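Undergrad: The structure's right below; bear with me while I get my questions together.
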Amino acid sequence: MRRHIACLTFDHDHMSGFIARGMTTPTPISRGEFDLVAIPRIVELLARYNVKGTFFTPGHTIESAWRSVETYVDAGHELAHHGWTHRPPATVDRAEEEEEIVRGNEAIRKISGHPARGYRSPSWDLSPHTIELLLKHGIQYDSSLMGDDYDCYLARQGDVVELKKPFVRGRETALVEMPISWSLDDFPYFEYMRNPNGAIQQGLSNATHVLENFVDDFVYMTRIRERGILTYTFHPHVVGRGHRMMMLERLILKLLEHGAVFMTMEQALAEWRTWRAEGERRAAE
Numbered sequence: 001m002r003r004h005i006a007c008l009t010f011d012h013d014h015m016s017g018f019i020a021r022g023m024t025t026p027t028p029i030s031r032g033e034f035d036l037v038a039i040p041r042i043v044e045l046l047a048r049y050n051v052k053g054t055f056f057t058p059g060h061t062i063e064s065a066w067r068s069v070e071t072y073v074d075a076g077h078e079l080a081h082h083g084w085t086h087r088p089p090a091t092v093d094r095a096e097e098e099e100e101i102v103r104g105n106e107a108i109r110k111i112s113g114h115p116a117r118g119y120r121s122p123s124w125d126l127s128p129h130t131i132e133l134l135l136k137h138g139i140q141y142d143s144s145l146m147g148d149d150y151d152c153y154l155a156r157q158g159d160v161v162e163l164k165k166p167f168v169r170g171r172e173t174a175l176v177e178m179p180i181s182w183s184l185d186d187f188p189y190f191e192y193m194r195n196p197n198g199a200i201q202q203g204l205s206n207a208t209h210v211l212e213n214f215v216d217d218f219v220y221m222t223r224i225r226e227r228g229i230l231t232y233t234f235h236p237h238v239v240g241r242g243h244r245m246m247m248l249e250r251l252i253l254k255l256l257e258h259g260a261v262f263m264t265m266e267q268a269l270a271e272w273r274t275w276r277a278e279g280e281r282r283a284a285e
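Under UniProt numbering, the first residue of the sequence shown is numbered 1, with each subsequent residue one higher.
What follows is the structure in structure tokens.
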């Protein structure tokens, strides 16, 4: 049976992303704070089309903007792990990384009543310890890697990467990877950034052109696969501006025209596990 799933995910960084970059003056902080305006717009839009999304939320955001997070938790959207600060795991040691996971989970449990089942790394940069730590703390899926586009896969642990030697793959683990892509993320398209190191990210793309890219990736999935899952990444303080909200609504409508089934990441994970079990049964016959 043909089945094409679209997952709308939102990285609710609030001001944590700017703080982690050392951008703590009033203007960058206010950029993150704009998501207090954006979240109600997003939740209302999703409700209008009966779409449930997944919000990857740092513990810092939960503790700093509790009522904003409650808005989508109370509306039945999935709340998933995005660290406590917005520091990439690859930039901290193992002990600090585990502290981020534990503290973030405590905040998620406090506001939702249960620990996170899914995780997305801040800035999509895992450390050599991340997968081990996620499994240790009960995480079922990660959404930080880019090794596929329309299919989940089992995350590996213990890859050997050396400059002058062939790459050696590690062993598969029980952690399911639900892949992402920078080309399906609103941030590089739209957000103008002047980082403390002097690097400039231009952003400010035409939303109509971005919409075309987003839709075409889904349409291509329907052409080449009977079943698949495609994950989109948004940031409330980015997509919440007027013309981008109109783009998000058009995206939902276009995907519905092409037969999309909208799911949370957790729901899509359950679907993928069913597909995988069916494939294993057929292979054994």
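Beta carbons: idealized from backbone N, C-alpha and C, even for Gly.
All figures in this text were calculated on a predicted structure; none of them were measured in a lab.
How long is the line joining the alpha carbons of P58 and I29, rounded to whole angstroms?
TA: The residue you call residue 58 lines up with position 58 of the sequence shown. The residue you call residue 29 lines up with position 29 of the sequence shown. Answer to the nearest angstrom: the Cα atoms are 16 Å apart.
Undergrad: Look at Q140 and R117 and say whether their C-beta atoms are less than 7 Å apart.
TA: Reading the sequence shown from its first residue, position 140 is the one you call residue 140. Reading the sequence shown from its first residue, position 117 is the one you call residue 117. A contact, by the Cβ cut-off of 7 Å.
Undergrad: Got a sec, what are the start and stop residues for the beta strand (DSSP E) L230 sits in?
TA: As a working mapping, residue 230 is identified with position 230 in the sequence shown. Counting along the chain, the beta strand (DSSP E) containing L230 begins and ends at R227 to F234.
Undergrad: List the endpoints of the continuous alpha helix (DSSP H) containing R41.
TA: Counted from its first residue, the sequence shown places residue 41 at position 41. Start and end: D35 to R48.
Undergrad: Tell me, please, whether the region 66-83 touches the region 44-53 by the rule of three or more beta-carbon pairs shorter than 8 Å.
TA: yes
Undergrad: Can you look up D125 in the DSSP assignment and give me helix, strand or coil?
TA: If you number the sequence shown from 1, residue 125 lands on position 125. Coil at D125, not helix or strand.
Undergrad: Please determine, among V168, R94 and A80, the residue with the shortest C-alpha to C-alpha distance to E106.
TA: Start at 1 with the first residue of the sequence shown, and residue 106 comes out as number 106. Of the listed residues, the one whose Cα sits closest to E106 is A80.
Undergrad: Using 8 Å for Cβ pairs, my map puts I5 next to I229. What's the rounded Cβ distance?
TA: Residue 5 sits at position 5 when you count from the first residue of the sequence shown. Residue 229 sits at position 229 when you count from the first residue of the sequence shown. Their Cβ separation, rounded to whole angstroms, is 4 Å, which keeps I5 and I229 in contact under 8 Å.
Undergrad: Exposed or buried, which one is Y119 when buried takes at least 16 other CB atoms within 10 Å?
TA: As a first step, residue 119 is located in the sequence shown; it is residue number 119 there, counting from the start. Counting Cβ neighbours within 10 Å, Y119 comes out buried, since at least 16 surround it.
Undergrad: I need the DSSP call for M193, collapsed to helix, strand or coil.
TA: Working through the sequence shown from its first residue, we reach residue 193 at position 193. Looking at M193 - three-state DSSP - the assignment turns out to be strand.
Undergrad: Buried or exposed for I200, going by 16 or more other Cβ atoms inside 10 Å?
TA: On the sequence shown, position 200 is the one that residue 200 refers to. Classification of I200: exposed, given that the 10 Å Cβ count is below 16.
Undergrad: I believe D217 touches L184 by the beta-carbon criterion, under 8 Å. Please report the beta-carbon distance rounded to the nearest angstrom.
TA: Along the sequence shown, read from residue 1 onward, the residue named residue 217 stands at position 217. Along the sequence shown, read from residue 1 onward, the residue named residue 184 stands at position 184. Right, their Cβ atoms sit about 6 Å apart.
Undergrad: Among the candidates Y232, Y192 and A95, whose CA atom is the shortest distance from the CA of Q202?
TA: Locating residue 202 in the sequence shown gives position 202, counting from the first residue. Nearest C-alpha to Q202: Y192.
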